[in-house]
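Visitor:
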Amino acid sequence: MAVVMSAVSIGRSLRSQYNIKMRQPLRKAELVTRNQDEKKALISMADIIREELNVKEIIFSDNEEALVEYEVKANFRILGKELGKDMKAAAAKIEALSHAEIQSVIEGSSLSIDIPSEAGGVRALEITAEKLDIRRNEKANLRVLNEGTLTVGLDTEITRELSMEGDIRDLIRGIQNTRKETGLAVTDRIELFIHGSDSLKEAWEAFAETIAEETLAVKNEWIKIDGQIPVGEPAAGEETWQVKIVKVK
Numbered sequence: 087m088a089v090v091m092s093a094v095s096i097g098r099s100l101r102s103q104y105n106i107k108m109r110q111p112l113r114k115a116e117l118v119t120r121n122q123d124e125k126k127a128l129i130s131m132a133d134i135i136r137e138e139l140n141v142k143e144i145i146f147s148d149n150e151e152a153l154v155e156y157e158v159k160a161n162f163r164i165l166g167k168e169l170g171k172d173m174k175a176a177a178a179k180i181e182a183l184s185h186a187e188i189q190s191v192i193e194g195s196s197l198s199i200d201i202p203s204e205a206g207g208v209r210a211l212e213i214t215a216e217k218l219d220i221r222r223n224e225k226a227n228l229r230v231l232n233e234g235t236l237t238v239g240l241d242t243e244i245t246r247e248l249s250m251e252g253d254i255r256d257l258i259r260g261i262q263n264t265r266k267e268t269g270l271a272v273t274d275r276i277e278l279f280i281h282g283s284d285s286l287k288e289a290w291e292a293f294a295e296t297i298a299e300e301t302l303a304v305k306n307e308w309i310k311i312d313g314q315i316p317v318g319e320p321a322a323g324e325e326t327w328q329v330k331i332v333k334v335k
């Protein structure tokens, strides 16, 4: 379970880092590890990870290339002293290194490349991580975090459909909390009278049936009436649902 807990922890850290509420569904999470035992464990617990990270899809990969692109340049401070006039040729060779070659150097391997020498012929250059200036560029919409052998990437693009689903989850949680606070039993049926902005109304119309099912509402009406209170936990600048709950006698 350790690697599963680590995947969940990394994913939640990414959400926190980029201010994405846990109740906001995301399209996918990508998990990368070259450790096959870890990968098997992650695959076997995919449903739990998906639920804990609140994503629609989990994608597994053996290669970090699925998440990031490397931009590499020569470390002139170190290599300049070693290569002198051959520095320019070496810099061009280094910038042409493949993703796999860069990855192997990052992981501690050394790499030997041949470069043309101004003195004639070629010279061998041993490349290690300190001789490179490596930049990891996350692919579009992905936010990536690595811990040990495990890398997690979250697709943080929030489409309108995902945004509406997040609003509805916030509403349902707010209604359930209000039920408890007003002393309703878990089996009590209720009537809901909901109001808010045009944007929230669009979400309500798309998920009205889900709201009714999860809150035991026999009536779920979009209307502005006296006695409505704000529910949910909107982030700064977000809109607030106005709800009145009536117990069915």
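Numbering-wise, our numbering puts 248 at position 162 of the sequence shown, and it's gapless, one number per residue. A virtual CB, placed ideally from N, CA and C, is assigned to each residue, including glycine.
Which runs of the alpha helix (DSSP H), 4 residues or longer, sit entirely within the segment 116-184?
Guide: Complete alpha helix (DSSP H) runs here, min 4: 122-130, 132-139, 162-169, 173-181.
Visitor: By DSSP's criteria, Pro316 is part of a beta bridge. Which residues make up the other side?
Guide: Along the sequence shown, one-based indexing puts residue 316 at 230. Answer is Gln328, bridged to Pro316.
Visitor: Secondary structure at Ile309, three-state DSSP: helix, strand or coil?
Guide: The residue labelled residue 309 in the question sits at position 223 within the sequence shown. Correct three-state label for Ile309: coil.
Visitor: Do three or more CB pairs link the segment 246-265 to the segment 289-306 at distances below 8 Å?
Guide: yes
Visitor: Between the segment 135-147 and the segment 264-282, can you find at least three pairs of beta-carbon atoms closer than 8 Å?
Guide: no
Visitor: Within its chain, find whatever has a CB closer than 7 Å to the CB of Ile192; leave out the 5 residues flanking it on each side and keep chain order.
Guide: The residue labelled residue 192 in the question sits at position 106 within the sequence shown. Here the set comprises Ala215, Ile220.
Visitor: Counting beta carbon pairs with one atom in the segment 118-135 and one in the segment 159-167, are three or more of them shorter than 8 Å?
Guide: no
Visitor: Ends of the beta strand (DSSP E) at Ile213?
Guide: Locating residue 213 in the sequence shown gives position 127, where the first residue counts as 1. Where Ile213 is concerned, the enclosing beta strand (DSSP E) stretches over 208-213.
Visitor: Quick one: what's got a C-beta closer than 6 Å to Lys179's C-beta in the same chain, skipping five residues either side?
Guide: The sequence position of residue 179 within the sequence shown is 93, counting from 1. Answer for Lys179: Ile199, Ile201, listed in chain order.
Visitor: Leaving aside the five residues before and after Thr235 along the sequence, list all residues of the same chain whose C-beta is less than 6 Å from its C-beta, in chain order.
Guide: Sequence index remark: in the sequence shown, residue 235 carries index 149 (1-based). Here the set comprises Thr119, Asn121.
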